[in-house]
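Residue numbers (the numbering used here): 12 to 323.
Heads up, the beta-carbon is just placed ideally off N, CA and C, and yes, glycines get one too.
None of these values were measured; they are calculated from a predicted model.
Accompanying notes for the structure given below.
Listed below in structure tokens is the structure:
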């Protein structure tokens, strides 16, 4: 994405010149983004006007996300507004019965659900027991009701279940999913992190989007759909879907995990199919190595090296 405003473009050029791989990664995410339409770029540039250095540009991206993407339940994010040309997910319609999965951090929902006479850990154990026991479906329903009430309408990152079957078959599936999906913020250095595997169908998303008057239920992830984040990596528009950057270097195009954004759906108890805990901190990662190996895989998938630029 090349800015029209010379001041913004100059700030982005300065940001890319910072001798720090994480800073370079966040700047590159803007520089190499190909899926932002002109209307949305124009709105972002208007919000970022006056950002003439890297710090101001970074703060402008944060402010844009907080105002126009992480929105309350009575609004919809810019991501899905038809007038802003939502990013194309890929050719052809989606199969309505294809299963989608997400790995959800339960720390916040458990804290909101646990009354004053209990702890989130105790209520996680109770929820585990209830998910495994159909006769206690009421417990799960009450938890999901409270969880839905606290959720906003920011875009939902998700993946296809059939690409994660190997990880799901392992006893340490929470750690493996965290790493494969690139969820670096799912950190357990302060103790085991409770997570839920939620599963639903393409048609669940489409039906809810249509009931709310939205014409776009799915899009490809773009740099403007989140805060500045070095673990995000924009995928070239010639590839369908986004491509999650895993937390270990992988240069095999066959290990690229397709990722998508979709509108927030209202969870139902049956969407919670498994509970677990992340127990391994993300391994020590060299951002330069992660980014460069992921770019190599993207270029292999494209069949040419015309996209992106390696961090020197």
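Let's see if you can read the secondary structure: which residues bound the beta strand (DSSP E) around residue i?
| i | result |
| --- | --- |
| residue 204 | 204 to 212 |
| residue 271 | 268 to 273 |
| residue 253 | 253 to 255 |
Are the beta-carbon atoms belonging to residue i and residue j less than 8 Å from one another?
| i | j | result |
| --- | --- | --- |
| residue 280 | residue 155 | yes |
| residue 112 | residue 209 | yes |
| residue 120 | residue 87 | no |
| residue 346 | residue 268 | Residue 346 is absent from the structure shown; the chain starts at 12 and stops at 323. |
| residue 290 | residue 190 | no |
| residue 245 | residue 300 | no |
| residue 81 | residue 132 | no |
| residue 71 | residue 58 | yes |
| residue 77 | residue 16 | no |
| residue 74 | residue 22 | no |
| residue 252 | residue 101 | yes |
| residue 36 | residue 298 | yes |
| residue 150 | residue 141 | yes |
| residue 43 | residue 319 | yes |
| residue 50 | residue 96 | yes |
| residue 313 | residue 247 | yes |
| residue 263 | residue 228 | no |
| residue 3 | residue 270 | Since the first residue shown for the chain is 12 and the last is 323, residue 3 is missing from the structure and cannot be characterised. |
| residue 235 | residue 55 | yes |
Check the C-beta distance from residue i over to residue j and give it rounded, since I have them as a contact under 8 Å.
| i | j | result |
| --- | --- | --- |
| residue 46 | residue 226 | With 8 Å as the limit, residue 46 and residue 226 do not qualify as a contact, their Cβ atoms being about 18 Å apart. |
| residue 206 | residue 139 | Actually they are not in contact, since the Cβ atoms of residue 206 and residue 139 sit about 11 Å apart, beyond 8 Å. |
| residue 305 | residue 256 | 5 Å |
| residue 135 | residue 117 | 7 Å |
Can you find the residues in the same chain that come closer than 7 Å, C-beta to C-beta, to residue i, ignoring five residues on each side of it along the sequence?
| i | result |
| --- | --- |
| residue 276 | 211, 215, 216 and 219 |
| residue 195 | 242, 258 and 293 |
| residue 26 | 34, 38, 65 and 68 |
| residue 115 | 206, 207 and 209 |
| residue 303 | 321 and 322 |
| residue 296 | 258 |
| residue 178 | 184, 187, 188 and 191 |
| residue 278 | 155, 158, 159 and 209 |
| residue 79 | 88 and 89 |
| residue 193 | 242, 255, 256, 257 and 258 |
| residue 14 | 20, 23 and 56 |
| residue 311 | 264 |
Return the first residue and the last residue of the alpha helix (DSSP H) that residue i is part of.
| i | result |
| --- | --- |
| residue 288 | Here residue 288 belongs to no alpha helix (DSSP H); instead the beta strand (DSSP E) covers 283 to 289. |
| residue 110 | Note, residue 110: premise wrong, no alpha helix (DSSP H); beta strand (DSSP E) at 110 to 116. |
| residue 21 | 17 to 27 |
| residue 73 | 65 to 79 |
| residue 35 | 32 to 42 |
| residue 303 | 298 to 313 |
| residue 143 | 131 to 143 |
| residue 49 | 49 to 58 |
Who are the Cβ neighbours of residue i in its own chain at under 6 Å, not counting the five residues just before and after it?
| i | result |
| --- | --- |
| residue 213 | 105, 107 and 109 |
| residue 18 | 63 |
| residue 153 | none |
| residue 147 | 141 |
| residue 284 | 208 and 210 |
| residue 181 | 187 |
| residue 173 | none |
Can you list, in chain order, the residues of its chain with a C-beta nearer than 8 Å to that of residue i? Leave out the 5 residues immediately preceding and following it.
| i | result |
| --- | --- |
| residue 203 | 288, 289 and 290 |
| residue 137 | 150 |
| residue 161 | 119, 120 and 123 |
| residue 199 | 288, 289, 290, 291 and 292 |
| residue 221 | 228 |
| residue 240 | 37 and 40 |
| residue 99 | 46, 230, 231 and 248 |
| residue 163 | 81, 82, 83, 84 and 275 |
| residue 32 | 241, 297, 298, 299, 302 and 322 |
| residue 265 | none |
ask   = Where are the alpha helix (DSSP H) runs, 4 residues long or more, that stay fully inside the region 146 to 209, in chain order?
value = 148 to 161, 176 to 179 and 184 to 191
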